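Positions in the sequence shown are counted from 1; adding 1 to them yields my numbering.
We put the CB at the ideal spot given by N, CA and C, even for glycine.
Since the structure is predicted, the reported quantities are computational estimates derived from the model, not experimental observations.
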Amino acid sequence: MLYEYLKNHYSDGEPIFTSDINIEGMTRENFCQQLKTLTDNGKLVRYEKGIYYLPRESRFHSVIGPTPETIVKYKYISRRNNISGFYSGSSFANALGISLQVPMKKEIVSNNTAAIVKEVTLGKQNFIIRKSTIPVTENNVRTLQLLELLKNFDRYSDLDYQEANKIIRNYINANDITKSGIDKYIREYPDSTFRNYYELKLDNVLA
Numbered sequence: 002m003l004y005e006y007l008k009n010h011y012s013d014g015e016p017i018f019t020s021d022i023n024i025e026g027m028t029r030e031n032f033c034q035q036l037k038t039l040t041d042n043g044k045l046v047r048y049e050k051g052i053y054y055l056p057r058e059s060r061f062h063s064v065i066g067p068t069p070e071t072i073v074k075y076k077y078i079s080r081r082n083n084i085s086g087f088y089s090g091s092s093f094a095n096a097l098g099i100s101l102q103v104p105m106k107k108e109i110v111s112n113n114t115a116a117i118v119k120e121v122t123l124g125k126q127n128f129i130i131r132k133s134t135i136p137v138t139e140n141n142v143r144t145l146q147l148l149e150l151l152k153n154f155d156r157y158s159d160l161d162y163q164e165a166n167k168i169i170r171n172y173i174n175a176n177d178i179t180k181s182g183i184d185k186y187i188r189e190y191p192d193s194t195f196r197n198y199y200e201l202k203l204d205n206v207l208a
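Below, the structure is given as structure tokens:
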């Protein structure tokens, strides 16, 4: 019963969080028994406590599972169209193109952590997870991501304000970020956010 459910709801190699699964009529004891049986016979692979995946075979007949990046994304950023976080800090600055630095540890702001800040190691990759002071949703994720960048902009940017303005302008336009959205949250951020917002002349960009 559990195996059929997993095959119908998950792709091979996709992270499966046991906390997400609630099958009507199946007790927790029965669920754990079936989970163990599937793991013992190789139909399911345990990645770490509470996280499993259906094995996918490569053309060389080795088992392929999710990457650390995928696990972190599902756990802290988005899962099943539910947005809960975003990349931040030097990770986002590099992806955006305003920083040439390739971060050793990728930074994430997320709803899904109790700690204010913690370091997570998966495989050989290290991630810094920070708790969001404002709940991240599908509607505000890009606005909050921009405000997090502005908070410590001088620390991350390798560009002058004019060059950075062009890149951030494109990001604002591509993600439909509005002045009213910025105004709604910017007071929750430190003074450096206000200063960088005005020095970059973003008020002239936002509708």
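TODO: Quick one: residues in its chain with C-beta nearer than 8 Å to the C-beta of Ile109, no 5 flanking neighbours on either side, listed in chain order?
DONE: Result list for Ile109: Val73, Tyr77, Ile78, Gly86, Phe87, Tyr88, Ser89, Ser92, Phe128, Ile129, Ile130, Arg131, in chain order.
Open item on the list: Less than 8 Å between C-beta atoms, sequence neighbours within five positions excluded: which residues of the same chain meet that for Ile173?
Closed with: Within the same chain, Cβ atoms closer than 8 Å to the Cβ of Ile173 are found at Leu147, Leu203, Val206, Leu207, the five residues on either side in sequence being excluded.
Task: Which of helix, strand or coil DSSP assigns to Gln126 - done: Three-state DSSP puts Gln126 in a strand.
Open item on the list: Taking the alpha-carbon of Asp159 as reference, which of Thr122, Gly98, Ile22, Tyr199 has the nearest alpha-carbon?
Closed with: Of the candidates Thr122, Gly98, Ile22, Tyr199, the one whose C-alpha sits nearest the C-alpha of Asp159 is Gly98.
Task: Reduced DSSP secondary structure (H/G/I, E/B, other) of Lys152 - done: Note: Lys152 maps to helix in three-state DSSP.
- [ ] Would you mind giving the Cβ-Cβ distance between Ser111 and Tyr157, rounded to the nearest angstrom? I have them listed as a contact below 8 Å.
- [x] That pair is no contact at about 19 Å.
Open item on the list: Can you look up Asn42 in the DSSP assignment and give me helix, strand or coil?
Closed with: Note: Asn42 maps to coil in three-state DSSP.
Task: Beta-carbon contacts of Leu151 that lie in its chain and below 6 Å, excluding the five residues immediately before and after - done: Spatial neighbours of Leu151 in its own chain (CB-CB distance under 6 Å, excluding positions within 5 residues in sequence) are listed in chain order as Thr194, Asn197, Tyr198.
Open item on the list: Checking the sheet assignment: what are the DSSP bridge partners for Glu200?
Closed with: Bridge pairing for Glu200: absent [DSSP].
Task: Beta-carbon gap between Pro67 and Pro16 smaller than 7 Å - done: Cβ distance < 7 Å, so Pro67 and Pro16 count as in contact.
TODO: Could you tell me the distance, in whole angstroms, from the CA atom of Thr168 to the CA atom of Glu149?
DONE: In the sequence on display, residue 168 carries Ile and not Thr. C-alpha separation (whole angstroms): 16 Å.
- [ ] Give me the Cα-Cα distance between Ile65 and Asp13, rounded to the nearest whole angstrom.
- [x] Spanning the two alpha carbons is a distance of roughly 9 Å.
Open item on the list: Taking the alpha helix (DSSP H) that Ser181 belongs to, which residues open and close that run?
Closed with: Element bounds for Ser181: 180–186.
Open item on the list: Quick check: the Cα distance between Thr122 and Tyr54, rounded to an integer number of angstroms?
Closed with: It is roughly 19 Å from the alpha-carbon of Thr122 to the alpha-carbon of Tyr54.
- [ ] Below 7 Å CB to CB, which residues in the same chain sit around Tyr6 once its five sequence neighbours on both sides are set aside?
- [x] The beta carbon of Tyr6 lies closer than 7 Å to those of Ile24 in the same chain, with the five residues before and after it left out.
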